[in-house]
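Residue numbers (our numbering), protein chains in the order written: chain A, 19 to 615; chain B, 683 to 1001; chain C, 41 to 185.
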Amino acid sequence: MWKTESMGIAHVEMSIRQCLPPCQMKCPINEDIQRTNVLISLLPSDLGLAREGIFQIGDYLYDKNPFFNICGYICGICELECNYLKKGGAIKRRLLKRFLADAYAERLKAVEEFKIARSKEKVAVIGGGPGGLMCAYHLSKKGYKVTIVEASVRLGGALWLVPDYRLPKAVLQTTVDNLVRVGGIDVRYNSRLGTANLALDGLKDEGYQAAFIATGLPYPRVLTFERQSVEGQNLAGVMYGHTYLYEVSHGNIPADYFKGKRIIVTGGGNVAFDVARSARRHGAEVTIVALEREDKDHRDGIPADYEEIRGAWEEGIRIVYSRGVRRIVGQDGRFKGINCPECVSVFDEGRFDPKFDCSNCIDLEGDILIITVGQGPDIVLLRKEGLLDAQGRLDVDLLTLQSRKKPWVFIGGDVRRVGFMVEAMGEGLVAAESIDRYLRGVDMREGRRRDHEAYQIPIRKDYKREPEVPWMPPEDRMHFQMFEIGFTLEEAIEEARRCVTCGPCLSCKACVSIGFQKSLSPVEVDIARCSGCGHCVYVCNYYSARLISSGGKVVSETDMFRCKSCGMCVVACPSQARSMVGDGTAEKVAAVYSSLA
Amino acid sequence: MGKPKVAICWLGSCGGCDETVVDINEVLLRVAGAVDIVLWPVAMDFKYDSIKGMRNSEIALSVVNGNVRNSEQEEIAKLLREKSQLILAFGACACLGGTPGLANLAAKSDIFKWVYRDAPTVVNPRGNYPQTSCRVNGEELTLPEFYGRVYPLNAIIDVDYYLPGCPPPPYLVMYALSAAVENKLPAKGSTLAPHRALCDSCKRNKSKPDRMLIREIKRIHEVEADPDVCFLTQGIICLGPATRDGCGESCMNINIPCRGCFGPVEGVQDSGAKFVSTMASIVDAESDEDMARIVNQMIDPVGYLYRFLLPSSILQKEG
Amino acid sequence: MSKYKPKLVCFSCKFSWGYLANEEALSREIENWVPVICTGKIDATHMLEAFKAGADGILILGCAEGSCHYQDGNYEAKKRVYLLRSLLESFGIEKERIRMKLSTDPEGKGIRELVENMKTDLARLGPAKKGSERPIKARGGKQYG
């Protein structure tokens, strides 16, 4: 069994020119997707034997991303940019990670705590969701004394609102527990900023030198029509999705709570689908009313993930597209139905500004309305703390996440801009870097601009189709257990092997880390010999070999950021103009040949 | 000191190389005026004995064309080496073995059987074969020994410079001669021709697609080749990518693909093997059967890829 | 011929053959074994040199069809082998002397057996012809009647 050695570590620095595969670019924390895919593809096919390898891969991922196992359940953001998407289906990275996560679960408890002495300044992280936890973890890793100030009784923030059938609570709990343990992070529970005299200045007085505010979006957004709040939101039978999911997560909703009820859910995001599918599992007959169109590729397409839509559809949830809510109809103080005009456009020049055709209205009747049109931040608190600008927006530097009002304060995650879990985690990572720079007194911005370059999918003879991901049939999944059947080891290896590793070797080095090669051998072109015949270009699957004009001659060159050092251009070159520097193959061959005589 | 002495000699060759020396036209007269030609069997009457009588290294330059396949050729090659300061291997046969080198695919005995017995034009009822010596009227007559194989010149003697081609084009002959006269020759062992492959100067190079893939291999006489498009792109085997430039594209200009007479480019030993790798990379086969089908379209691969260089190939070169 | 032991050079791709094994230990077991990062890296020149150096056969073990880490290295190698085989026949080297197998064997347990099997077949063929011993066998040629 191979061992990954540190010489191959290629954690991507948040800096300068980054040439990455598109998946890694898309990932807000730039996870080393390609490298770990390659390593998965090289696991033994026996689970017992593979464990050691899985632990190595897991340790590597955990070091940067202590949430990686949760990502394996709910984050597939990288798949949206996978080059394979249009060639047979994105590489199922999320499922690969879920496979790792499940096998890594036993290891999680054994991950060693940071050895570094926490002797640096005290930092307060306000909010224990993914952004705050990520920031705390990385600051602690650098030796800061970190305290998480958490409003509730548990860490994890909005992750608790993800239904169990997508993310089991046990996974979330262990992940959070271990993160705090590994990081040696102090937590103050039941401590909401803005209450009981808990304010930023007070924290400063306590000796905290910097603070990261990641308080998320605690309040549900009310339903509006043409910028006016729709009346009737206080009727009995009207509730907010956020509240519902909160109650579900605390186990406060009994199994058949909605049996026989007709529920209308408004909203087209993933949370609306979480609500709808949870309600369905609680026995309801559910209709989703979304402003957006069915066609996801359209500018006004529905934002929920395709898998959510498919899941909801399979589970018998009716989806009404392109409809807003103009009126909530009540009777005797109880919700009775909604009046829905056609939504003709959702965005106006990128701004959310829905337009309706009120001559085309339908009425939908139901027993319960669950409004799930987003959440909002605690604006009152942010204003009181003096973090807003004149327009009432958070006054934050987008590169460093540093507050322009209070330089010792950094703000990120959903409170700044709503996004996926991993986007909040990414901001936590950025904030940790910023806080470190701030406290060390070094330049806040230098080297942090990220100039990404995308990679095309390599050329190959045959692209393979994505595997079918088995789900339990809808009739068997009307409960809160996981319905998605994860990869077996064999399937994981197969899928990891399907990854065409579009990214540059420099950002991967999987083969070097396990000793396949001593180093990546750069390909050199001897211009004096190159005739520009182009055969290197024809054989290169990575657009690395290419022809250029040099001194009036056509010659070939190698783009080292794209080159995989596979050596095929060297072989195809009829002029021996190409060679691999430091590649020992020729010597090895010569040694074997000399022993033949 | 008199004028520098120059010898021009042919070994196993067709005479085309001597012809190309004549093809430098009036320049030849100037050369003839500047040097003292001491041997040129094709053009003038000299005796080898007069060379034997010379001091070692008395000849400044010997231009030797043709390969070595018999004992006489070997003897003359060695004699010229002894008497010359510089030896220029001239033409594909001297440099690489040349087309006659393809005879190495056949054993000597088979060649004799064919040439003196089986060829349809042969009438040899007594079954006579050449002998190295025989007695006629009490006198011993000798013939040179026919060797088992063809050798390039450098397998027999040290060679200082190479000028390949079948034959070398007059302009390179002039360059070579003037470099020799003006003492501007490069390091010993050099080939007095461009270092790059023919594609470098080929006008058709621009016509290549972004990614060349061929599904059929065709022979030049089977198709009407587009005179402006790369032969390989048209599925016609052209050795240009693996062959040294310098021929002046004489084949290309009459719409014939490169056959490789200039031999491998600088630094490559076996351009036939290299061309296998090169060509394989552009074959677009769907299956194993398809691969076999396309490969089988290449008639006489060794004759095609080693037309001028078989005796210098990896598998044939001694040592 | 009973004493004749054929010499075989075995190239194998690291991404499919023996990547879970200890390479050093395995190379003590398998004579003349050259693991390479990709079979696409094996030049026709390498193969000719093997015969020149005295090999009687070459075994190339590549990734399973469609599984090359470098996309199509195994396919490239295969095309090369097909072309080279047809050339070698003219040199009097039988095409059976280059064998290629595309498959996966992470433990590399089967490599030795594949080598031994091929050696057995090579023993039946006898030693590869060297230099001038090679007979006339120009394919497609009618020049010898």
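Note that beta-carbon positions come from the ideal geometry of N, C-alpha and C, so glycine has one too.
Any 3 or more C-beta pairs closer than 8 Å across the stretch 36 to 46 of chain A and the stretch 525 to 532 of chain A: yes
Is the stretch 144 to 156 of chain A touching the stretch 103 to 111 of chain A, taking contact as three or more C-beta pairs under 8 Å? no
Does the Cβ of A:Asp375 have 16 or more other Cβ atoms within 10 Å, making it buried, or fewer, making it exposed? exposed
DSSP on A:Asp415, reduced to helix/strand/coil? Taken through DSSP and simplified to helix, strand or coil, A:Asp415 comes out as coil.
Closest Cβ-Cβ distance between A:Lys160 and chain C: below 8 Å? No, A:Lys160 does not count as interfacial toward chain C.
Please confirm if B:Arg897 has its CB atom under 8 Å from at least one CB of chain A. no
Going along the chain, which residues of its own chain have a beta-carbon closer than 6 Å to the beta-carbon of A:Val304, five neighbours each way excluded? Ile281, Ala294, Ala297, Arg298 and Ile335
Check the Cβ-Cβ distances between C:Lys92 and every residue of chain B, and say whether any is below 8 Å. yes
Per-residue contacts from A:Tyr324 into chain C (C-beta, under 9 Å): Under a criterion of Cβ atoms nearer than 9 Å, no residue of chain C is adjacent to A:Tyr324; the nearest Cβ is some 27 Å distant.
Below 8 Å on C-beta distance, what does C:Pro146 contact in chain A? Leu60, Pro62 and Ser63
On the CB-based measure, 16 or more other CB atoms within 10 Å of its CB, does B:Asp892 come out buried or exposed? exposed
Suppose you measure from the CA of A:Cys591 to the CA of A:Ile566; what does that come to, to the nearest Å? Just so you know, the alpha carbons of A:Cys591 and A:Ile566 end up roughly 16 Å apart.
Find the nearest neighbour of A:Gly394 within the set A:Asn48, A:Arg434 and A:Tyr481, judged by alpha-carbon distance. Checked all of A:Asn48, A:Arg434 and A:Tyr481; the closest Cα to A:Gly394 is A:Arg434.
For B:Gly735 and B:Asp705, the rounded distance between their alpha carbons: 31 Å
Is the beta carbon of A:Asn48 less than 8 Å from the beta carbon of A:Cys517? no
Using 8 Å as the threshold, is the C-beta distance between B:Leu693 and B:Gln767 below it? no
Please state the DSSP three-state secondary structure of B:Met980. If DSSP states are grouped into helix, strand and coil, B:Met980 belongs with coil.
Which first and last residues belong to the beta strand (DSSP E) in which B:Asn747 is found? Here the beta strand (DSSP E) through B:Asn747 covers Ile741 to Asn747.
So, does the stretch 902 to 912 of chain B touch the stretch 861 to 874 of chain B, judging by three or more C-beta pairs under 8 Å? no
Starting from A:Ala228, follow the beta strand (DSSP E) in both directions and report where the run begins and ends. Note, A:Ala228: beta strand (DSSP E), Tyr226 to Ile231.
Where do the ends of the alpha helix (DSSP H) carrying B:Glu757 lie? Note, B:Glu757: alpha helix (DSSP H), Ser753 to Lys765.
Name, please, each residue of chain A whose Cβ falls closer than 8 Å to the Cβ of C:Ser107. Arg515
Can you grab the Cα-Cα spacing for the pair C:Lys81 / A:Cys584, in whole Å? 7 Å
Through-space distance from B:Glu827 to B:Ser815, alpha-carbon basis: 9 Å
Whole-angstrom C-beta distance between C:Pro167 and C:Asp83, which should lie under 8 Å: Contact doesn't hold; Cβ gap of about 24 Å is too wide.
What are the partner residues of A:Glu575, as DSSP defines its beta bridges? A:Arg564
CB contact below 8 Å: B:Asn887 versus chain A: Yes, B:Asn887 counts as interfacial toward chain A.
Between the Cα of A:Arg515 and the Cα atoms of C:Gly106, C:Lys135 and C:Ile98, which residue gives the shortest distance? Of C:Gly106, C:Lys135 and C:Ile98, the residue nearest in Cα terms is C:Gly106.
Burial state of C:Pro175 (16 or more Cβ within 10 Å): Unreliable positioning characterises C:Pro175 in this predicted model, as indicated by a pLDDT of 42, which lies under 50. A coordinate reading is not provided.
Roughly how many angstroms separate the alpha carbons of B:Met726 and B:Val750, rounded to a whole number? 22 Å
For B:Gln998, which residues from the same chain have a beta carbon less than 7 Å from its beta carbon, with the 5 sequence-adjacent residues on both sides left out? Asn786 and Leu992
Which same chain residues, not among the five before or five after A:Leu177, have their C-beta less than 6 Å away from its C-beta? Cβ within range, chain order: Leu190.
Using a Cβ-Cβ distance under 8 Å, would C:Thr85 count as near chain B? yes
Return the chain-ordered list of same chain residues with a C-beta closer than 7 Å to the C-beta of A:Cys548, the five sequence neighbours on each side being excluded. Taking A:Cys548 as the centre and dropping the five residues before and after it, the same chain places the C-beta of Val573, Ser574, Ser593 and Ala595 closer than 7 Å to its C-beta, in chain order.
Within chain B, partners of C:Lys118 - CB distance below 9 Å: Neighbours of C:Lys118 on chain B, chain order: Ala962, Ala967, Asp970 and Met973.
If you run the structure through DSSP and keep just helix, strand and coil, what is A:Ala188? In the structure shown, A:Ala188 sits in a helix (DSSP, three-state: H, G or I).
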